[in-house]
Amino acid sequence: MGEEQKGSFRTATLELLKKKEGRLTTLPFITRVADLANHLSLSKQSKSEIDRVSRVFPFRIPEFYLQLMDKGNPVCPIRMQSLPSLEELEGTGETDPLGEQRISITPSFLKKYPGRGVFLAGARCAMYCRFCNRRRLVGRQWNPKLSWEESFLQMERQADLKEIIVSGGDPFMLPVCDFAYVMERLRAINRIRIVRVSTRIPVVYPEGLLEGQLKALSGMPSLWIVIHINHPREISPEFIDAVRRLKGIGANMLSQTVLLRRVNDCARILRNLFETLVSLGIKPYYLFQLDEVAGAGHFKVRIEEGIRIMRHLRENCSGLAIPHYALDITGGLGKIPLDYRYIKGRKGEEVHVESPAGVAGMYTDNGKKSECASCGICKG
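Numbering of the sequence shown is given in full-length UniProt numbering, commencing with residue 1 and proceeding in unit increments.
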């Protein structure tokens, strides 16, 4: 597809969305191997492998995101994050690495820490990331909307609740009417002073950011949009425009990034990403060590490599461009900064850590050695 055709497709899709102010579920998304083969050159073996993996872990890729891919590069970071791989069927991992079932007050309202909670507004994402820590829920036959009212009631009863993180799935995949209803209900709970919305929409499906949703967010007393972005290649003109629109309603902008082997496990790649985000008015908030989620072990980066990357960032970047390097202790024991204060010891692949509350936990640090992907960013 040529650049002119790409632009025409994006424009047509955006105009259709503006007219409907609803949610398209078919045209912009690829969910079948046969459709994927219309966009990529896939061997018979590759088609068979993708089909096999997708029976266990479904895939869904926006056509927009696919257009960001370097189709001739088998380790393109866009490809690595979106296409199923046989490696997903290997190794171990947890279906619920953050222990969210244990901290669920309702099926859609989680509370682990004092003063804040997580509201799972929907189960759908524009793209099924191949390392998602909620892949047990996303794209499955699970409907959090059935427990919304119970969740809002529980929020009203939580005397210490000051902050809500709206997550999912991706909240911006909700129809405008549902999205507006969620924001209206949260706004009505007086003790909630901060609303965080976690999203990947501006990165993978920016045309899906609808004016009706922006209108519903306007007027929130303290609104923070946390964008999940992992590589400089994901910063497109459409992404920049989506950020501009979000900032236009007064949203504070943060980013979170997952450290991923063969995607961004390079200090120069992350420096490029974080400095560019700061220039767009987005503060890099978290760099996460990969959760121990089933089917994603091949993305693991060794903790010592992550610490080395952070050292490079601290030496070479403005403080504005430096995120917190953190690990969610497996089993839902809490989030810790990955530095010497919380790493208590090591035995083989087992890294023994301790949460700020003094709870001991363990992370299996068995990621393969990081290697240069020859992307050329360090030479630019």
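Just so it is clear, CB atoms sit at the ideal spot from N, CA and C, and this is done for glycine as well.
Taking the Cβ atoms as the reference, Leu110 lies roughly 5 angstroms from Ser104, within the contact range of under 8 angstroms. Remark: fewer than three beta-carbon pairs, one from each stretch, lie closer than 8 angstroms, so the region 175 to 192 and the region 30 to 40 are not flagged as touching.
When the beta-carbon positions are compared, Asn272 and Ile377 come within less than 8 angstroms of each other. Counting along the chain, His352 sits inside the beta strand (DSSP E) bounded by residues 350 to 354. Note on the region 146 to 179: whole alpha helix (DSSP H) runs with a minimum of 4 residues are 148 to 157, in chain order. Note that the region 280 to 293 touches the region 86 to 98; at least 3 beta-carbon pairs, one per stretch, sit closer than 8 angstroms. Excluding residues up to 5 positions away in sequence, Pro232, Ile235 lie with their Cβ nearer than 7 angstroms to the Cβ of Thr276 in the same chain. Collapsing the DSSP output to three states places Ser104 in a strand. Taking one beta carbon from each stretch, the region 309 to 318 and the region 255 to 271 have 3 or more pairs nearer than 8 angstroms; the two touch. For Arg346, the pairing in a beta bridge is given by DSSP as Val351. The Cβ atoms of Leu223 and Gly250 lie closer than 8 angstroms to each other. Distance from the CA atom of Val75 to the CA atom of Arg60, rounded to whole angstroms, is 19 angstroms.
Shown here for Glu156: same chain residues with a beta carbon closer than 7 angstroms to its own, the five before and five after excluded, namely Ile189 in chain order. Annotated as distal: Tyr205 and Leu254, with beta-carbon spacing of 8 angstroms or more.
In this structure, Val258 places its C-beta atom within 8 angstroms of the C-beta atom of Phe131. Under the DSSP definition of a beta bridge, Met253 partners with Ile225.
The beta carbons of Phe64 and Glu211 sit no closer together than 8 angstroms.
Secondary structure at Ser85: coil, using DSSP grouped into helix, strand and coil. Beta-bridge annotation (DSSP): Leu260 is not paired with any residue. Partner residues in the beta bridge of Glu94, as assigned by DSSP, are Val293. By the neighbour-count definition (other C-beta atoms within 10 Å, threshold 16), Gln45 is an exposed residue.
Under the three-state reduction of DSSP, Ile78 is assigned to helix. Within the model, the alpha-carbon separation for Ile240 versus Gly348 is close to 44 angstroms.
Sixteen is the threshold: since fewer than 16 other Cβ atoms of the shown chains lie within 10 Å of the Cβ of Ala357, the residue is exposed. Residue pairing by DSSP places Lys283 opposite Leu254 in a beta bridge. The shortest CA-to-CA distance from Ser108 to any of Ile165, Gln67, Ser355 is the one to Ile165.
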